[in-house]
Amino acid sequence: MPPSSDWDLVARAQRGELEAFAEIVRRYERPVVHFCLRMVGSEQDAEDLAQESFIRLHRYLARLTPRASFSTALFGIARNLTLNHLRDARRRGQDRAQPLDQAPLADPAQPPPDAHARLRETELLVTRAIEALAPDHREVLLLRELQGLDYASIAKIVRCRRGTVKSRIARAREQLRLRLAEAGVEWP
Amino acid sequence: MRNEQRAFEELSAYLDGEARRPERVAERLAHDPAYAREAAALRRLSEQVRALPAPAPRPDFVARVLSGAQATLARPARIMVFWKPALALAATVIIVLGAVLYARVPDTAAPVEQPAAAAPVVLARWENDEEIVDALAQLAEAGADLSFFEPVPFAPEPPDESLAATILESVVAAAWDIDAVSPYADARDTEALIESLDATDTNTLRELMGNSANGGRRS
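Here you go:
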């Protein structure tokens, strides 16, 4: 039997089928936690924010109508929560973004790292470079790269024009590339 | 925007399948080795971002969500009395700027102070957040002064965020939290919406704008 579509599950959840809602959560838990993690930088906070996103989605179920991509609604909620979280963290002086030069780089005195270690090092540098982006650039980049959403969907989520999404993604990539190049990541 | 910057933006969009004129980008890629190298670097960058490992949520994640969802359902409605006016307003929706609407308001109504900035008219139904989003984004990009509108239940003090974003979040958040049906749900577009504005909504708008112009807060 083919898997139910997201909107089929939503319709069943709207009729009170908790198992249908649980299926939605299982389907999206990992992408939402991943998005939250890359936005806020802490696994614990990311999971809490993802959990709250689904709880709010459940609360809003009655108002969901299948006129747009389901993920637009879900990531819209997650995006709002992560931005609020970042705002609160900034007020408390707990902004996690670190300058890229604080990320551990390879020590030239050490033997060259093996392929696995190089991969881990690149992952860390990419992570740090993403964290160093402004939130409005970070969110569009993540929604594009991690979720594969098109510009129109991203525009709905972040509430701006499609053209703004386009320029923010380009700027995010430009900054990411510059920062990684400064940190010594090799390009083709 | 500089040509170089525009070319980079187009290239970035092209790689996402979103370029305005993909044939132009493709043509340049075929003849400009530096541009092609840039494309290769951007592709590699995307691969590296996409390759970031996604953490696995804890095994009890789904159970915790379901428990939280049910607990939320068990709580009484959380609309506070303080917000009733704001929510009632959101139910009818009205984000209107500028003189065009005023031109449509009957002259017999009491005069009110207008906000300093004149801007395009924009209406949006709370029920359709996409319209609100688009309308406010356009206004913000046009440099419109949106300061007369201050329902803001969930975004009390974000001075470092754009005002439009704050307003938008508030409107949509309010919309999420109320059960109401916009009388304009069937309006096909902004013009139709303007034509269908009734006296009650016009007065609500006047009150809102008057409060703002006087520096007062609704309560």
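If you're matching them up, the sequences are chains D and L in order.
In short: position in the first sequence from 1, add 352, done, that's our numbering.
In short: position in the second sequence from 1, add 560, done, that's our numbering.
Built from N, CA and C at the ideal position, the CB exists for glycine as well.
Find out if the Cβ-Cβ distance for the pair V392/D, L477/D is shorter than 8 Å.
no
So G428/D is in the alpha helix (DSSP H); what residue range does that whole segment cover?
F422 to R443
Below 8 Å between beta carbons is the criterion; list the residues of the stretch 466–486 of chain D that meet it against any residue of chain L, in chain order.
T474, E475, V478, T479 and I482
Pick helix, strand or coil for D397/D, following the three-state DSSP scheme.
helix
Less than 8 Å between the C-beta atoms of A374/D and L626/L, yes or no?
yes
Can you round the beta-carbon distance between F568/L and A507/D to whole angstroms, since I take them to be within the 8 Å contact cut?
Contact flag wrong, Cβ pair sits at about 20 Å.
Looking at the structure shown, is Y574/L part of a helix, part of a strand, or coil, going by DSSP?
helix
Starting from P593/L, find everything on chain D with Cβ-Cβ shorter than 9 Å and list it in chain order.
Ordered by position in chain D, no residue passes the 9 Å Cβ test against P593/L, which lies about 13 Å from the chain.
Does the Cβ-Cβ distance between R431/D and E491/D come in under 8 Å?
yes
Would you tell me roughly how many angstroms separate the C-alpha atoms of L706/L and S356/D, rounded to the nearest one?
Residue placement at L706/L is flagged as unreliable, the pLDDT there being 47, under the threshold of 50; the coordinate-derived value follows with that caveat. Each residue's Cα considered, the two are about 43 Å apart.
R581/L lies in the alpha helix (DSSP H); which residues open and close that run?
It is not in any alpha helix (DSSP H) - R581/L carries neither H nor E in the DSSP assignment.
Is there a Cβ of chain L sitting closer than 8 Å to that of V385/D, yes or no?
yes
8 Å is my cut-off, CB to CB: does V377/D come that close to chain L?
yes
Within a Cβ cutoff of 6 Å, which residues of the same chain sit near L361/D, ignoring the five residues on either side of it in sequence?
A372, E375 and I376
Please go through the stretch 487–513 of chain D and give each complete alpha helix (DSSP H) segment of 4 or more residues, from N-terminal end onward.
487–497 and 503–510
Run through DSSP, which three-state label would P418/D get?
coil
By the 7 Å beta-carbon criterion, what residues does the stretch 572–601 of chain L contribute toward chain D?
S572, A573, D576, E578, A600 and A601
For chain D, find out if any of its Cβ atoms is closer than 8 Å to the Cβ of P615/L; answer yes or no.
yes
Straight-line CA distance for L435/D to P487/D?
8 Å
State the DSSP-derived secondary structure class of L532/D, mapped to helix, strand or coil.
helix
I think T479/D touches L612/L, with their Cβ atoms under 8 Å apart; what is that distance to the nearest whole Å?
7 Å
Pick helix, strand or coil for D592/L, following the three-state DSSP scheme.
coil
Backbone CA spacing between D358/D and F422/D [nearest angstrom]:
7 Å
Taking 8 Å as the CB-CB limit, is R382/D close to chain L?
yes
Short of 6 Å in beta carbon distance, which residues of its chain neighbour A402/D, apart from the five on each side in sequence? Order them along the chain.
V384, V385 and C388
C-alpha distance - F621/L paired with G428/D, whole-angstrom precision:
20 Å
Ends of the alpha helix (DSSP H) at V537/D?
Premise fails: V537/D is in no alpha helix (DSSP H) and is neither H nor E.
Determine whether the beta carbon atoms of A600/L and I407/D lie at a separation below 8 Å.
no
Partner residues on chain L for D502/D, Cβ-Cβ distance less than 9 Å
D576, G577 and E578
Starting from Y412/D and walking both ways along the alpha helix (DSSP H), at which residues does that stretch end?
From DSSP, Y412/D is part of no alpha helix (DSSP H); its letter is neither H nor E.
On the CB-based measure, 16 or more other CB atoms within 10 Å of its CB, does H410/D come out buried or exposed?
buried
Is E375/D near the ligand HEM, with its Cβ less than 7 Å from a heavy atom?
Because no ligand of any kind appears in the structure shown, any question about the ligand HEM cannot be addressed here.
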